[in-house]
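Just so you know, the sequence shown maps onto residues 776 to 1134 in the numbering used here. For glycine and all other residues, C-beta sits at the position ideal for the given N, C-alpha and C. Fair warning: this is a prediction, and the values are worked out from it, not measured in the lab. Note sheet for the following structure.
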Amino acid sequence: MSIVINVDIRRDDFYLPVALTLPASGVTALFGPSGCGKTCLLRALAGLDRYPEAHISFQQTVWQDGRLCVPAHLRDTAMVFQQADLFTHLDVAGNLQYAERRVPSHRQKVPLQQIIDKLGLEPLLKRSVEQLSGGERQRVSIARALCASPRLLLMDEPLSGLDRDSKQRLLPYIETVCREFSVPIIYVSHALDEVARLADHLVLLERGQVIADGPASGMLTRLDLALAHDHDAESIIDATVESHDAQFGLSYLASCIGRLTVTQAALPVGTKVRVGIAARDVSITLTHQQQTSILNIFPGVVEQIVEFNESQVIVRVAAGPQSEYAVPLLARLTRRSSETLQLQPGKSVFVQAKSVALL
């Protein structure tokens, strides 16, 4: 199943041609700087803005094609905006119940109590909307959107108005929405850390163009894209909590490139997690080092080398013991180190990750 979007977005002097086929599952992030057309694309998908001769379909249901244009309220979508647009005359419970009552009879409802439990809203139900913090308001806004039992959830920079601590508290709830309710999400953001943590699929927009799209792990490490050249560029790996080592305060994660070692996490064994490895924290050796403080060392093959600046290069390595399951990792090295090691595409190496962080 997929989401097909073919639309030419024209507004005043702005033009964005879009031809995308996106997965109708997981989180798809629309990423790019302000003014690149992310929100315009989201509004077209929602049916809030109509463009002539567009074709938009969701899971083989046509929402727009020629003269046919299904209105927004019939598209089985729900939208979460930058600012939580809640009813101030209702308490939290009232806001949720209002959305639940408006679900069409033909649509299967998501149980209200399940939403309350998964988003941790029980302590907030009787509180006035005006008594909520910014992060709490957005959490209620997400819950209200789920109460509409949507087939697709659209999120327009829902964390942009929050401070860092509030963002970190809210991110796990967004992950819960996708995991527990199996609702595909289109997520608009210009924050790379949010995209790295949440996105399964990534669409990169810039200056009125769709630059590229594809699986997030590959997009974040493509050396022909600006993301890999960012100061905070990182590679992402999905993993599973395997065991904990209380003696040394460590957790061990199973991944397709091998066992990962991270600072002990308060997570049950079997929990699915995502880790990030910053390019600046990766070094490369030609042999497996035994006497080293670095715990995360993996075999790999150099795929590509490009210039980062006058003194540094970025190396992309296909890491992992089996080529068919290899994961792209970035390493930012000095030019001198690259030449000393005689790195070139196809060369077998070992990558050493000084730091691996749970996202």
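- What number of angstroms, rounded off, separates the C-alpha of residue 875 from the C-alpha of residue 1034? 44 Å
- Message: Here's a check: name, in chain order, each residue in its chain whose Cβ is nearer than 6 Å to the Cβ of residue 1025, leaving out the five neighbours to either side.
- Response: 1036 and 1039
- Item | Cβ distance (whole Å) where residue 1044 is taken to contact residue 1016 below 8 Å | 5 Å
- Message: Could you tell me the alpha carbon to alpha carbon distance between residue 1098 and residue 1090, rounded to whole angstroms?
- Response: 17 Å
- Query: At what residues does the beta strand (DSSP E) containing residue 1071 begin and finish?
  - Reply: 1071 to 1082
- Query: Do the segment 799 to 815 and the segment 892 to 903 make contact, defined as three or more Cβ pairs closer than 8 Å?
  - Reply: no
- Message: Comparing C-alpha positions only, which one of 1027, 887 and 1012 sits nearest to residue 1019?
- Response: 1027
- Item | Member of 1013, 1022 and 1103 whose CA lies at the smallest distance from the CA of residue 1057 | 1103
- Task: For residue 1172, I'd like the list of residues in its chain whose CB is within less than 7 Å of its CB, leaving aside the five on either flank, ordered along the chain.
- Result: The structure shown has nothing for residue 1172, since the chain only spans 776 to 1134.
- Using DSSP with H/G/I as helix, E/B as strand and the rest coil, what is residue 896? coil
- Rounded distance between the beta-carbons of residue 937 and residue 910, thought under 8 Å: 6 Å
- Could you tell me the boundaries of the beta strand (DSSP E) in which residue 868 lies? Note, residue 868: premise wrong, no beta strand (DSSP E); alpha helix (DSSP H) at 867 to 876.
- residue 981 - containing alpha helix (DSSP H), residue span: No alpha helix (DSSP H) contains residue 981, which is instead part of the beta strand (DSSP E) from 976 to 981.
- Task: My understanding is that residue 995 touches residue 986, with C-beta atoms under 8 Å, so please give their C-beta distance in whole angstroms.
- Result: Incorrect: roughly 13 Å between the Cβ atoms, too far for contact.
- Query: How is residue 937 classed by DSSP in three states: helix, strand or coil?
  - Reply: coil
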